[in-house]
Amino acid sequence: MSVTLSLPTIPTLFDAPEVEEAEGCIQCQMGSKLVLFITGKCHWKCDYCPLSENRREAEMMFANERPCTSFDEVIEEARAMNATGAGITGGDPLMDREHTLEGIRRLRQEFGPSFHMHMYTSIPFKPEYAREFADAGLDEIRFHLLDLDAKKYDSVISACAAQGIQTG
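Its first residue numbered 811, the sequence shown is counted upward by one per residue in my numbering.
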């Protein structure tokens with residue numbers, strides 16, 4: 811009589827990052843990036859928005875899941891997790907552009923040029939703002955095209971690329 815033993819296997823949750831992937835994607839997959847939720851404000855008002863009711867449209871800031879009232883608290887959270895960078899999201903960070911720029915500047919000042927920062931937005935902002943984001947220290951920007959009209963993003967994507975901000 812033979813007995814077959816079957817042991818459960820641990821599923822692969824995600825593939826290892828590919829070398830050609832954007833630095834922001836690689837660091838996020840490694841779990842080494844701070845998630846900076848800069849504001850709950852957003853102009854889309856999507857029915858399927860994944861934000862909780864206490865965050866949606868609220869002027870609140872979170873570093874990972876920690877509510878923060880200052881960038882000093884954000885920096886403290888980044889240090890606590892040994893963050894290698896920050897992903898800036900919301901709502902939409904462009905709904906509070908000055909606060910977002912302040913956050914990028916503070917993080918760059920505190921952690922230096924190797925601290926990778928990327929931002930998600932769906933707003934095709936004025937091309938001249940690209941220089942402000944580059945000067946503040948933004949490394950990468952991702953555009954979420956909800957209405958799938960990429961043409962209205964052409965000028966801002968070109969402006970960001972011209973300023974050395976990786977775009978996608």
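The C-beta atom is built at its ideal place from N, Cα and C for all residues, glycine as well.
Shown here for residue 915: same chain residues with a beta carbon closer than 6 Å to its own, the five before and five after excluded, namely 946 in chain order. If you ignore the 5 residues before and after residue 906, its C-beta comes within less than 7 Å of the C-beta of 848, 849, 851, all in its own chain and listed in chain order. Distance from the CA atom of residue 932 to the CA atom of residue 890, rounded to whole angstroms, is 30 Å. Restricting attention to 904, 900, 917, the CA atom closest to the CA of residue 888 is found in 917. Residue 847 sits in a strand when the DSSP states are folded into three classes. A check of alpha carbon separations from residue 950 across 920, 926, 844, 972 identifies 926 as the nearest. Given a length threshold of 3 residues, each whole run of the beta strand (DSSP E) inside the region 882 to 920 is given here in chain order: 895 to 900. In the DSSP assignment, residue 976 is bridged to 950. The beta carbon of residue 845 sits closer than 8 Å to those of 872, 873, 874, 896, 897, 899, all from its chain and outside the five residues before and after it, given in chain order. Within the model, the alpha-carbon separation for residue 920 versus residue 963 is close to 31 Å. Using a 10 angstroms sphere on the CB of residue 954, the tally of other CB atoms stays under 16, which defines it as exposed. Contact annotation, residue 978 with residue 944: C-beta distance approximately 16 Å; criterion of less than 8 Å not satisfied. For residue 929, the enclosing beta strand (DSSP E) stretches over residues 926 to 931. The three-state secondary structure of residue 940, taken from DSSP, is helix. According to DSSP, residue 840 shares a beta bridge with no other residue.
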